[in-house]
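Chemist: The sequence shown lines up with residues 354 to 427 when you count with this note's numbering. Beta carbons are placed, not taken as given, at the ideal position from N, Cα and C, and that holds for glycine.
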Amino acid sequence: MKLPAKVRGSARSRTVWFNSVAGTLLVALPEMAEALPALREFIGPEVYRWLIVVVVVGNIWLRAITTKSLEDKS
Numbered sequence: 354m355k356l357p358a359k360v361r362g363s364a365r366s367r368t369v370w371f372n373s374v375a376g377t378l379l380v381a382l383p384e385m386a387e388a389l390p391a392l393r394e395f396i397g398p399e400v401y402r403w404l405i406v407v408v409v410v411g412n413i414w415l416r417a418i419t420t421k422s423l424e425d426k427s
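(1) L423: buried (16+ other C-beta within 10 angstroms of its C-beta) or exposed?
(2) What does the alpha-carbon distance come out to for the pair L379 and A364?
(3) Please go through the stretch 377-419 and give each complete beta strand (DSSP E) segment of 3 or more residues, from N-terminal end onward.
(4) Do T420 and L368 have their beta-carbon atoms positioned less than 8 Å apart in this structure?
(5) Please state the DSSP three-state secondary structure of L356.
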């Protein structure tokens, strides 16, 4: 079974990879803080604010440098 071109191209997309890693990190941070009490002092509300800013700026930058569609990357 051959995957659609968009799906194949998304595996080579920096934007898709960036968002996947950032999303996983944002979801995992509370769990990590719960499991590792030593991290609690470093993971406060300001960390989440800065991570969200990094995600937004990263997305804007990656979209600005994008030259190929997902189909063309496959």
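Modeler: Reading it off the structure:
(1) buried
(2) 21 Å
(3) none
(4) Leu is not the amino acid found at residue 368; the sequence shown has Thr there. No; because the gap between Cβ atoms is not below 8 Å, this pair is not in contact.
(5) coil
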